[in-house]
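Note that the numbering used here has the sequence shown beginning at 8, numbered continuously upward.
Take a look at the structure set out below.
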Amino acid sequence: GKKFRNGINGRQIIGVVKDFNFVSKHHSIRPLVLDLDLRDRAFDLFIKYMTVRISGQNVQASINTLEGVWKAYMPERPFEYFFLSEDLKSLYESEEKLSKVTIIFSGFAIFVACLGLFGLATFTAEQRRKEISIRKVLGGSVPHVVWLLSRNFSKLVIIAFIISCPLAYWILKLWLSNFAYKIEIKPDLFVVAGTIALLVALVTVSYQSIKAAFTNPASVLKNE
Numbered sequence: 008g009k010k011f012r013n014g015i016n017g018r019q020i021i022g023v024v025k026d027f028n029f030v031s032k033h034h035s036i037r038p039l040v041l042d043l044d045l046r047d048r049a050f051d052l053f054i055k056y057m058t059v060r061i062s063g064q065n066v067q068a069s070i071n072t073l074e075g076v077w078k079a080y081m082p083e084r085p086f087e088y089f090f091l092s093e094d095l096k097s098l099y100e101s102e103e104k105l106s107k108v109t110i111i112f113s114g115f116a117i118f119v120a121c122l123g124l125f126g127l128a129t130f131t132a133e134q135r136r137k138e139i140s141i142r143k144v145l146g147g148s149v150p151h152v153v154w155l156l157s158r159n160f161s162k163l164v165i166i167a168f169i170i171s172c173p174l175a176y177w178i179l180k181l182w183l184s185n186f187a188y189k190i191e192i193k194p195d196l197f198v199v200a201g202t203i204a205l206l207v208a209l210v211t212v213s214y215q216s217i218k219a220a221f222t223n224p225a226s227v228l229k230n231e
């Protein structure tokens, strides 16, 4: 019921609502006054938008109906409309584009890295096939041979993970600084990412490791 002055006119407060964000989440919540002016000329002078909820069954028919009503009451003003969902989506258009580009380049980088790992695993298995054959003759099991060839790659992935974590954390913090409301960067995110990277590396090199482990040692040593 309190009153305040808005320019030359006085206004009376009839209600208070909870804070809500009427701009993008890049900005914090700003002050807002919802003014209901019932004067005849208020619509032409002050009101810029009308909010209408329509059914999603036949959108075009609803728009045509609204346009007809608009032209019947205000033929001198053009009928323009937009959807709230599209307007909200446009607020984060740059983030959506960045997400798509990041996914594409990340997928390409993972593919190239897997090709490199596969080639390196092939080269390593070829270089160590005599050693592998001797180990098998001396009683080495297939899982032991697979682990022998895979552990070096696992070490490389773990070292790369340790080096990249601080850099990834800094980039995420820098990007999140653009938002007034941001998520908390938890260690679980890096643990999951590191585990996935390690599994991808092991799956990539496992083919050559298993192939080398099942190679007949007699044929290898005979050729040597």
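Every residue, glycine too, gets a C-beta built ideally from N, C-alpha and C.
How big is the Cα-Cα spacing for residue i and residue j?
i: L41; j: F186; result: 25 Å
i: V210; j: S101; result: 35 Å
i: N71; j: K96; result: 24 Å
i: I110; j: I36; result: 31 Å
i: R142; j: S106; result: 48 Å
For the alpha helix (DSSP H) holding residue i, just list the boundary residues, first then last.
i: K96; result: L91 to L98
i: S157; result: V149 to L183
i: L73; result: V66 to Y80
Taking the alpha-carbon of residue i as reference, which of the options has the nearest alpha-carbon?
i: I21; options: R37, S35, A132 and L43; result: L43
i: H34; options: P150, K180 and L98; result: L98
i: R135; options: S62, A120, G63 and V152; result: V152
i: V207; options: G63, P38, A116 and E138; result: A116
i: I217; options: F197, K162, D195 and I139; result: I139
Rounded to whole angstroms, how far is the Cβ of residue i from the Cβ of residue j, which I believe are closer than 8 Å?
i: L156; j: A128; result: 7 Å
i: A132; j: A219; result: 4 Å
i: F11; j: R18; result: 6 Å
i: Y188; j: K32; result: 5 Å
i: L122; j: V212; result: The pair is not a contact, with the Cβ atoms about 12 Å apart (cut-off 8 Å).
For residue i, count neighbouring Cβ atoms within 10 angstroms of its own Cβ and tell me buried if that reaches 16, exposed if not.
i: A79; result: exposed
i: V164; result: buried
i: F112; result: exposed
i: F86; result: exposed
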